[in-house]
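Right, one structure below, let's go through it.
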Amino acid sequence: MAELIANGYKESNEESFFLADIQEHSLTDLELHIFLDNQSYAEDAIGKPVFDLIDPLTTYSVLYPTVNNDSVDCEYMNITQPSEVSRMTIGGETGCFKCKTCLTIVDLISDAKTSWRKHIFEVQIDMLTAKHQLADFSLARKTLTPAVQRFLDRMRLMFSDFDASNGRLTAGYDAIASEIRQVSLFGLYALCGMCGFALILALSAFAHGILTGQRKLGRTACFFSEITFLIAVVLIGVLYTMSVMAQDAIVVLQRLDENTYAFLPSTQSAEDVNRLLFDQNFVEATDMVETLAFSDTLRVPPHPTPATDDPDRFNFTALYDMPTLFALEKLTANSDQALVELFAWSEDFVKSHYDGLQVLVFSDSSTPYNGTLHQELLNSTIQKLMDPDGDGELVTANDLLTIQTVFNESWRGVSDEGTSLNKDIQSEWLFVAQLYFQKQKLETYVATVSSFIAKIHPLLDELIVKTQTMEDAEFQLKAPVEFVTDSIRASRLGDCNYNGNCAWFRAALNELFDLFQQIVLKAERAAIICAVSAVALLLSVLSTNAFTSRQRRVVVKVYSAN
């Protein structure tokens, strides 16, 4: 957190982006993007207008073919099954027979809604949630930085006070330890040297005294033994003092464990050192939990996944796409292709029957139907063919009556005066007219389907632009915001009372405690050894002195003249 406050987030151009600035932009950069504000799980305010445009298509699903077999592809099936006649006959079922690529419009719209709900809707909710979280984050722009700064200042004060107190104790300890170390070390070296020299001198005095009976060397040995004895006595005092001081240090550590207030000038610092000593959480103790709680929830999409921590940005063109529905729109925009692929329409079949009708009426030389009216009814336009009475109603009973009236003349040289031929003409006209009427209905149907689906494109295009713009604004905030949250989370994870983060302080005190105990033990042992040495030296002095006093003195005889 110290780096966050001091340096902020550094952009690629090395410009610093401080915490308060990040919070400010979290509000200002997104406040104009309001089109998702009413989006919710309760009501899909964005998707409703889109699907309201295409929901009426469900009423047009009657003519649309259903799936009979979803395991056979259209390109591999025999389209002549069922037969062309039964397929094209009015009243017979029309459809994409045994084709898994033909789904009902109801299913297509349902699939589009499901895909919308699973994909783009969730992205919209994530973006809206991020906007609300960023807005809440920005509300604390005047208080968050000062709060974090106060927290850091408190931590620095604790370490400063503790360092000052520790420095005083350390300086005193170092001074005394240095002096005692020098005295004890050189004293022990001197004691060892003097003991060795006194031993050699005593042995020499003993041998010399035995051989010569002189005591001068013995007295010298006594003198050095006495000096060594005095050094041993001094070392006993020094080592005992060291032991007492180490015990005092242990008492100091125990007092620190029991009452930190006695060692620090500030009550607050003493409390914080006590928390550090007992591995207690500083964020909780300083009431910073609510202030820093946003770091656990604030996220800007796209979010990390189990597969990657750096996911790709959203492709909104793909997310707003409805491939099967738009494929149907593209297909129905071309009516000739749509009639073939969706309804297995056979134009050759229709044309052959239309040509057969003309052959019946016009090819025979004995035909009575060579007039302009006959040509107009059968050979002018398909519209006229389907509406011979011109009332605007196609292939009705009145139209059939008109055909029966017009094509009811006698044939020359034909048995029954052409009555059967006339009936064939009338029957064939009805069949052909119904085929063309069915084709017109199917063309109207596919055109309607295409127009309904096409209505949603402008709305989707607008949504793509708006969503992309909002996502761009959020994505610009993603890196600095995540720097803030990551920094705070890292600090919180490094706080005490988590994973033994502050156990090092207690471990350091325990290590010092063990060290001082070892010093006490070793100082006492060394003092005892020195005491034994002093006793031995005292006995040596007494023994050497006794031995020396019994040596014969040199008698000097003085003779006088008289």
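Numbering-wise (numbering that gives the first Met the number 0), the sequence shown opens with residue 0 and increments by one.
Don't be surprised by glycine CBs; every beta carbon is placed ideally from N, CA and C.
TODO: Under 8 Å by Cβ, that's how I've got glutamine 22 and arginine 180 pegged, so tell me the actual separation to the nearest angstrom.
DONE: Contact doesn't hold; Cβ gap of about 57 Å is too wide.
Practice problem: For the segment 170–188 and the segment 264–284, state whether three or more C-beta atom pairs, one from each stretch, are separated by less than 8 Å. | Solution: With the cut-off at 8 Å, the segment 170–188 and the segment 264–284 do not touch.
- For tyrosine 8, which beta-bridge partners are listed by DSSP? By DSSP's assignment, tyrosine 8 forms a beta bridge with Phe16.
How many whole angstroms separate the CB atoms of arginine 274 and cysteine 495, which I take to be in contact at a CB cut-off of 8 Å?
Right, the Cβ-Cβ distance comes to about 6 Å (below 8 Å), so this counts as a contact.
Next item on the list: Return yes when the C-beta of aspartate 271 is under 6 Å from any heavy atom of the ligand SAH, and no when it is not.
Entry: With respect to the ligand SAH, the structure shown offers nothing to examine, as it has no ligands at all.
If I follow the unbroken alpha helix (DSSP H) through leucine 291, where does it start and stop? Looking at the DSSP string, the run of the alpha helix (DSSP H) that includes leucine 291 is 288–291.
**Prompt:** Does the beta-carbon distance from valine 445 to serine 334 come in below 7 Å?
**Reply:** Pairing valine 445 with serine 334 gives a Cβ-Cβ distance under 7 Å.
- Does the beta carbon of glutamine 467 come closer than 7 Å to any beta carbon on chain C? Here there is only one protein chain, and chain C is not present.
| field | Complete alpha helix (DSSP H) runs within the segment 394–461 (minimum length 4 residues, chain order) | value | Here the runs fully enclosed are 396–405, 418–453.
Counting Cβ pairs, one atom from each stretch, are 3 or more of them under 8 Å apart for the segment 192–205 and the segment 520–527?
Because the criterion of three Cβ pairs below 8 Å is not met, the segment 192–205 and the segment 520–527 do not touch.
Next on the checklist: Could you tell me the alpha carbon to alpha carbon distance between aspartate 72 and leucine 338, rounded to whole angstroms?
Outcome noted: With a pLDDT of 49 at aspartate 72, under the threshold of 50, the modelled position of that residue is not reliable, and the figure given next carries that caveat. In this structure, the straight-line span from the alpha carbon of aspartate 72 to that of leucine 338 is close to 17 Å.
Whole-angstrom distance between serine 490 and isoleucine 104, CA atom to CA atom:
Our two residues, isoleucine 104 and serine 490, have alpha carbons roughly 56 Å apart in a direct line.
_DSSP state of threonine 564 mapped onto helix, strand, coil_ = Not covered by the structure: residue 564. The range shown for the chain is 0 to 561.
For serine 242, which residues from the same chain have a beta carbon less than 8 Å from its beta carbon, with the 5 sequence-adjacent residues on both sides left out? Hits under 8 Å: Ile518, Val519, Ala522, Glu523, Ala526.
From Ser364, Ser449, Val182, Thr380, residue whose alpha carbon lies closest to that of valine 431: When only C-alpha atoms are compared, the closest one is Thr380.
Legend entry - Alpha carbon of threonine 100 to alpha carbon of aspartate 423, nearest angstrom: Because threonine 100 carries a pLDDT of 45, less than 50, the predicted location of this residue cannot be relied on, and no value is offered for it.
Q: Between the Cα of leucine 356 and those of Lys477, Glu510, Tyr59, Ile402, spot the shortest distance and give me the residue it belongs to.
A: Taking leucine 356 as reference, the option from Lys477, Glu510, Tyr59, Ile402 with the minimal CA-CA separation is Ile402.
For this session: Buried or exposed for asparagine 12, please, with buried defined as at least 16 other CB atoms from any protein chain shown within 10 angstroms of its CB.
Result: Classification for asparagine 12: exposed.
Coil, strand or helix - valine 534 by DSSP:
If DSSP states are grouped into helix, strand and coil, valine 534 belongs with the helices.
Report task. Can you give me the Cβ contacts of valine 147 inside the same chain, cut-off strictly under 7 Å, excluding the 5 residues immediately before and after it? Result -> Answer for valine 147: Met0, Ile4, listed in chain order.
Is the segment 476–492 in contact with the segment 24–35, if contact means three or more CB pairs nearer than 8 Å? Contact check between the segment 476–492 and the segment 24–35: three or more CB pairs, one atom from each, fall below 8 Å, which counts as touching.
### Whether serine 449 touches alanine 332 by CB criterion (7 Å)
Yes, they are a contact pair.
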